[in-house]
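**Student:** Quick note, the sequences are listed as chains A, B, C, D, E, F, G and H, same order. Numbering of the first sequence is given in numbering that gives the first Met the number 0, commencing with residue 0 and proceeding in unit increments. Numbering of the second sequence is given in numbering that gives the first Met the number 0, commencing with residue 0 and proceeding in unit increments. Numbering of the third sequence is given in numbering that gives the first Met the number 0, commencing with residue 0 and proceeding in unit increments. Numbering of the fourth sequence is given in numbering that gives the first Met the number 0, commencing with residue 0 and proceeding in unit increments. Numbering of the fifth sequence is given in numbering that gives the first Met the number 0, commencing with residue 0 and proceeding in unit increments. Numbering of the sixth sequence is given in numbering that gives the first Met the number 0, commencing with residue 0 and proceeding in unit increments. Numbering of the seventh sequence is given in numbering that gives the first Met the number 0, commencing with residue 0 and proceeding in unit increments. Numbering of the eighth sequence is given in numbering that gives the first Met the number 0, commencing with residue 0 and proceeding in unit increments. For every residue, glycine included, the Cβ atom is placed at its ideal position computed from N, Cα and C. First, the structure itself, so that you have it in front of you.
Protein chains: 8
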Amino acid sequence: MKKLSLRTRVLTGAVAVAALGAGTFGAMSANASTPAAAPAAAVKADAANDNLQQTTHLTVAAATKAARATLDAAKKENQRVSVAVVDRNGNTVVTLRGDGAGPQSYDAAQKKAFTAVSWNAPTSELAKRLANAPTLKDIPGTLFLAGGAPVQVSGAPIAGIGVAGAPSGDLDEKFAQAGVASLAR
Amino acid sequence: MKKLSLRTRVLTGAVAVAALGAGTFGAMSANASTPAAAPAAAVKADAANDNLQQTTHLTVAAATKAARATLDAAKKENQRVSVAVVDRNGNTVVTLRGDGAGPQSYDAAQKKAFTAVSWNAPTSELAKRLANAPTLKDIPGTLFLAGGAPVQVSGAPIAGIGVAGAPSGDLDEKFAQAGVASLAR
Amino acid sequence: MKKLSLRTRVLTGAVAVAALGAGTFGAMSANASTPAAAPAAAVKADAANDNLQQTTHLTVAAATKAARATLDAAKKENQRVSVAVVDRNGNTVVTLRGDGAGPQSYDAAQKKAFTAVSWNAPTSELAKRLANAPTLKDIPGTLFLAGGAPVQVSGAPIAGIGVAGAPSGDLDEKFAQAGVASLAR
Amino acid sequence: MKKLSLRTRVLTGAVAVAALGAGTFGAMSANASTPAAAPAAAVKADAANDNLQQTTHLTVAAATKAARATLDAAKKENQRVSVAVVDRNGNTVVTLRGDGAGPQSYDAAQKKAFTAVSWNAPTSELAKRLANAPTLKDIPGTLFLAGGAPVQVSGAPIAGIGVAGAPSGDLDEKFAQAGVASLAR
Amino acid sequence: MKKLSLRTRVLTGAVAVAALGAGTFGAMSANASTPAAAPAAAVKADAANDNLQQTTHLTVAAATKAARATLDAAKKENQRVSVAVVDRNGNTVVTLRGDGAGPQSYDAAQKKAFTAVSWNAPTSELAKRLANAPTLKDIPGTLFLAGGAPVQVSGAPIAGIGVAGAPSGDLDEKFAQAGVASLAR
Amino acid sequence: MKKLSLRTRVLTGAVAVAALGAGTFGAMSANASTPAAAPAAAVKADAANDNLQQTTHLTVAAATKAARATLDAAKKENQRVSVAVVDRNGNTVVTLRGDGAGPQSYDAAQKKAFTAVSWNAPTSELAKRLANAPTLKDIPGTLFLAGGAPVQVSGAPIAGIGVAGAPSGDLDEKFAQAGVASLAR
Amino acid sequence: MKKLSLRTRVLTGAVAVAALGAGTFGAMSANASTPAAAPAAAVKADAANDNLQQTTHLTVAAATKAARATLDAAKKENQRVSVAVVDRNGNTVVTLRGDGAGPQSYDAAQKKAFTAVSWNAPTSELAKRLANAPTLKDIPGTLFLAGGAPVQVSGAPIAGIGVAGAPSGDLDEKFAQAGVASLAR
Amino acid sequence: MKKLSLRTRVLTGAVAVAALGAGTFGAMSANASTPAAAPAAAVKADAANDNLQQTTHLTVAAATKAARATLDAAKKENQRVSVAVVDRNGNTVVTLRGDGAGPQSYDAAQKKAFTAVSWNAPTSELAKRLANAPTLKDIPGTLFLAGGAPVQVSGAPIAGIGVAGAPSGDLDEKFAQAGVASLAR
């Protein structure tokens, strides 16, 4: 019965969600040499109706909170960046063009976010995979440059946060991770 | 009354969902002159975590079933069409370019599906809205031409099915509705 | 057996093809108010293998001949035009940018050819259909402006010829028809 | 001397800015039939260096505040919309895809914002101009549909706010105006 | 002999060019109801080599002079516009984004210039042709809105000048004509 | 003589075609270092009309069968992928976005399919060719990454199947080959 | 003095032009390590009017002749290719999609032609320049892959011919050169 | 020390600006291995209104002057190039397609200018950064090829000048620097 199964799912899911309330938001430190199968927690079959599935997304309020935390982290280090939050389907949810950020930063941030959520790993990790598969970077919408981090629920990607504009991609990614971390508060 | 019905729906959403197992898939016969607020059943807040929301989608198996039912309906009337199924975020899930369908049909089908899910109404109804708001059709990704139908759960759109290639948009839409109907079986 | 069925097809088809050798190339004078189902002769199932179908195309030599005949017809009337030949899948086979033709003519010719083969009718006829279905013209790749003509085999479209650059679309279409006619010689 | 001239400008400008602190943010009620020359207060020559000019922009913090106020206004009326803030050069500064907003709303919001800042008027007013100049809407990047409002300083446009997703453009524009109004607080 | 024929051409051409030195630069006041065949003076066959033809273009110095004259004319009337000069092949030669011009003006100016050179008439005239051929405006690259003017040599188009950003297209076109006129000086 | 040579080819080809009914569907193990001329069986001249040629395509039913077989193969290994089937002209016939597949997989699958049919080889083989011709990958529409496989009739490509979303391209290609194999059943 | 130097160039050029009647059409064997300044014979100032310059182009008849010669050369070696001829401004003049050529060949041919005319050298030579300037290949419109050849008059590029579809770029370029050679006949 | 110098700059920014009247226009010789935080002088908060900031731009007159100086410098060395000036937001302000410049030069010049202003360094320097971050060049709008130079005020980028078409990027950049230098006169 639909109603029951749904309740069951919510209850069961709530455990994981509660857990994630305690810190499971964060970028997986992906093992580039042995990529595991992508976790599936964020996509669930609907037991009562074979035709349907549920997917998990950030609310726009949460995505905005993360994006602002990202800019705040950059501001503390006197860096000018742009930030984007992309959902698990690759659709952009929030963009903020930071004051004084270079014009290239706006698109770059979106592509980093897209890349992080696509492979469920920080783009600094993903960039290393190009050593073995250099044409990965030719996939449309991607940018294999540090600065993107996935947002995860129970290990599955539900969003990506991308940052661009700082002097190095590592700095960009530090700010993106600050955005991810803000979601656990 | 809209307000009441919405309240009712939220409280007893599970009931409605159960009902849909019994046949609520289908295209809303939208009242173009008094468009109501879009129903929200397909997007739910996650009670355990303010940061999250759930969205409902067709499985690819269901979307493929609907697309094939669409082509079968067209074949019975000796029409050559293409069909597309687009999810509630506008992302294409399934496309089938029918044998002998005109080259214009492939893109047109996608745009009709996108339009139907965007406004939660058949595109034959939406086309009538242009009388009052002719520039609606300038929104990127849309095609205000009969042949698209929304897939609904509890009145909320979760997908759109678009068809193109038959000699008239009404025929196209008849086939799209056959695709929608196949999901209730 | 594959071999036999192929022979059968060729023999059967040859009747139609022979007919077309006697003049069936030409643009259908479409009846815009009662569009019939698109003829299917140019797409055939393969009796020996359910997985396969055959489609008919102009050779590049034939398409070039038609395109040159088109430019010759324009030159006789001192008009500067561009011409395009598009196959039944909408792929451009030949383009010729005529000497002194306006810069808009090159893309316009391709779109007219695409439109003519998509609906199997001259674009002068198709433009009239906008009275009943004005948003047809919003389908990507199309241009509902006189100057395009379909190339037909047994009534089915196998290519489109589009012309642009003359002072009127009717002149453009006259030249396109000259291109079509050249294929019957 | 640069410093002095700048101070002079700031002081002079401060009057206008102070005024605008008291409510001059808002969409000009443009007189569509007699469009005046675009005000220039937001672009100033630099008296000390003929090569330079200054332009005025919203900070990303202000733009985010306005975008959130827009979504809040929509939420109060139970509408699901997306919002975009575009600067006076047409570059997008902030986008927020609202929970449950239709997929068409994201691009539409940006185009409405772009249109409002381009002509320094609400898009509901601009849409009326199409009666006299119907091809205005063919300019790339624009959407002549209610839902966009300019942000002004001393009457000059410094940004545009665009909203899409509500059942009518007038509702969209009401929310956009709420976003504009939030900047005066 | 190549050399002789070239000389001949130059001498013959020089008459026309000399004439145009005396004022033939300017936008043809096209008769929209009876468009003549496009003049061909700007494209010449090369008598000595059937394979070659010559086309006439503005130098970049001339195009820049015209563009600056256009902006100067606008400045005199306190209007903020952008201007583009496009050659007879539709390639942009010069663009100037005027101080304080709206963001929509840059692309619009190019499209107006492209349209004017394509049909060898001011876009104010061309816009009237839409009454008889409304889908002309669907040709890629065009904008049928006042503000574009052709540059002619012996009646043939060699460039287009497009202006956008003023409150009306007629004003835009007045400035474009000022740019054309500057070439005769 | 043209006709004779054609006959010879058809006769020879018929043997192969008969064979293929028994399982010759499959990806050619291309020899990357000595690429042979592309086989031509899938394009045939029409003996009765020099203007025409026939091309062989999968039916949409066959393409859908192959795409579903591909997803089934991935599901058995708990992988989430998208799949595309592209015809010999590069036009997409079927796309299926698998449940839970990353957003990058949809476009990547199409490009892999396009690449496989373009060079009539698995993309894992084609990727190796980049060692000698690194700019091959700059050709529009291509992706030189394992995961694509051609569908062949008598050694000639009639379609391509592309898969993306698994942790490695080799896995993707295994699933694509399962799709190819399904056509021989 | 400007006028004199121009005259000198014209006179000098004329000799070369005469020579080219005797066979100077052909691809320059560019010295990649010491690229000389691009020859300018194909662009001439107009002595009678400082505002004007003349550029030299192939007629469409010549370009078609070259394209057909290219396809004929390929056919002799049983290769299936597409060919494009692009003028000195980068505008495509002729395209022919060869029978049975891979779908990637059409765009690739245009890009090779564009590249050859842009740098006035065969693309096989240009590809070698990437060793020193690897990002040259990121310039829009280019493809640094053998198969393109410039058409020259007096050493200056007036067109490019691009070929794609053969198993190697060297073969493609051989056919392109056959097209160039046909212009000298 | 960065922090101090920044403080100093803010306090005495006017001095630096005054100094720039005396020649501080010029391209920073960026230290690619230790990129500093981007200077912020060109973006200022508005002390009277927290919502606003000021950005500094070249006037179109200044940008045109620089572009013409660039072409003049190229002409002196008999090189044919195109030039573009892009503002700090990445929007193109001026383009000049030089007489006889290759068709690839127009887009390349814009991308070089965009790249130079984005990272506030000459593109010859930026190209070296690819050694450590090779995917930087995949950011949309960029071209990491010598020929671009930033225009700076007090060390902050306010524009970029890009040049393309000369036989080497170093030559292109020399001309771009001549354009920058013209602004100090």
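(1) For C/K173, count neighbouring C-beta atoms within 10 Å of its own C-beta (all shown protein chains included) and say buried if the count is 16 or more, exposed if not.
(2) Would a C-beta distance cut-off of 8 Å place C/T94 and C/Q109 closer than the cut-off?
(3) Within its chain, find whatever has a CB closer than 6 Å to the CB of A/Y105; leave out the 5 residues flanking it on each side and keep chain order.
(4) Measuring only the C-alpha atoms, how far is H/V150 from D/G140?
(5) The stretch 85-97 of chain B: which residues have C-beta closer than 9 Å to a C-beta of chain F, in chain order?
(6) Would you say F/G99 and F/R128 are within 8 Å of each other, going by their C-beta atoms?
(7) For a quick check, are the C-beta atoms of C/R87 and C/V116 less than 8 Å apart?
(8) Could you tell me the alpha carbon to alpha carbon distance between A/R67 and G/G161, rounded to whole angstroms?
(9) Going residue by residue through the stretch 49-80 of chain G, where are the continuous alpha helix (DSSP H) segments of at least 4 residues, counting only ones entirely within it?
(10) Let me see if you follow: with CB-CB separation under 8 Å, is C/T54 close to chain G or not?
(11) Output, in chain order, the set of chain E residues within a Cβ distance shorter than 8 Å of H/V185.
(12) Determine the direct distance from the alpha carbon of B/A148 to that of G/D169, and round the result to whole angstroms.
(13) Determine the closest residue to C/F113 out of C/G164, C/V92, C/S153, C/L182, with distance taken between C-alpha atoms.
(14) Determine which residues of the stretch 120-153 of chain A have a Cβ less than 7 Å from any Cβ of chain F, and write them out in chain order.
(15) Listing by chain order, which chain C residues have their CB less than 8 Å from the CB of G/R67?
(16) Considering only DSSP beta bridges, list what D/D86 is partnered with.
(17) Which residues in the same chain have their Cβ closer than 6 Å to the Cβ of F/T23, if we skip the five residues on either side of it in sequence?
(18) Can a CB atom of chain G be found closer than 8 Å to the CB of F/V42?
(19) Once DSSP output is grouped into helix, strand and coil, what is the label at E/G147?
(20) With burial defined as no fewer than 16 other Cβ atoms inside 10 Å of the residue's Cβ, what is the status of H/N119: buried or exposed?
(21) Quick check: A/G53 and B/Q53, are their CB atoms within less than 8 Å of each other?
(22) Can you tell which of H/D171, H/H56, H/R184 has the C-alpha that lies nearest to the C-alpha of H/G89?
(23) Based on DSSP bridge pairs, tell me the residues matched to E/R96.
(24) Return no unless some Cβ of chain C is closer than 8 Å to the Cβ of E/V116.
(25) If you draw a straight line from the alpha carbon of A/L3 to that of B/A83, how long is it in whole angstroms?
(26) Return the first residue and the last residue of the alpha helix (DSSP H) that C/K136 is part of.
(27) Please report the residue range of the beta strand (DSSP E) in which A/V44 lies.
(28) Report yes if the C-beta distance between H/A62 and G/I138 is below 8 Å; otherwise report no.
(29) Quick one: list the residues of chain A neighbouring F/A107, beta-carbon separation under 7 Å, in chain order.
(30) Less than 8 Å between the C-beta atoms of E/G101 and E/G178, yes or no?
(31) Please decide whether E/G170 counts as near chain G, where near means a Cβ-Cβ distance under 8 Å.
(32) In its own chain, which residues sit with a C-beta less than 7 Å from the C-beta of H/T69, not counting the 5 before and 5 after it?
(33) Between H/F113 and chain A, is the shortest Cβ-Cβ distance under 8 Å, so that the two count as touching?
(34) Whole angstroms is fine: what's the gap from C/V85's alpha carbon to C/F143's?
(35) Since E/A126 contacts E/A145 with CB under 8 Å, what's their CB separation in whole angstroms?
**Tutor:** So, to answer that:
(1) buried
(2) yes
(3) S81, R96
(4) 28 Å
(5) D86, N90, T91, V92, V93, T94, L95, R96, G97
(6) no
(7) yes
(8) 50 Å
(9) 59-75
(10) no
(11) With chain H represented from 0 up to 184, any question about residue 185 of chain H goes unanswered, as that position is not in the structure.
(12) 52 Å
(13) C/V92
(14) A132, T134, L135, D137, I138, P139, G140, T141
(15) T63
(16) D/A158
(17) No answer about F/T23 holds up, because its pLDDT of 42 lies below 50 and its placement is not dependable.
(18) yes
(19) strand
(20) buried
(21) Rather than Gly, the amino acid found at residue 53 of chain A in this sequence is Gln. The answer is yes: Cβ separation under 8 Å.
(22) H/H56
(23) E/S81
(24) yes
(25) Summary for A/L3: the model assigns pLDDT 25, below 50, so the residue's position carries little reliability; its value from the coordinates is reported in the next sentence. Taking the straight line joining both Cα atoms gives about 33 Å.
(26) Looking at the DSSP string, C/K136 is not in any alpha helix (DSSP H), and its letter there is neither H nor E.
(27) Rather than Val, the amino acid found at residue 44 of chain A in this sequence is Ala. That run of the beta strand (DSSP E) goes 42-44.
(28) no
(29) I138
(30) no
(31) Per the sequence shown, the amino acid found at residue 170 of chain E is Leu instead of Gly. Judged by the 8 Å Cβ criterion, E/L170 is not in contact with chain G.
(32) V82, I160, V162, F174, A175, A177, G178
(33) yes
(34) 16 Å
(35) 6 Å
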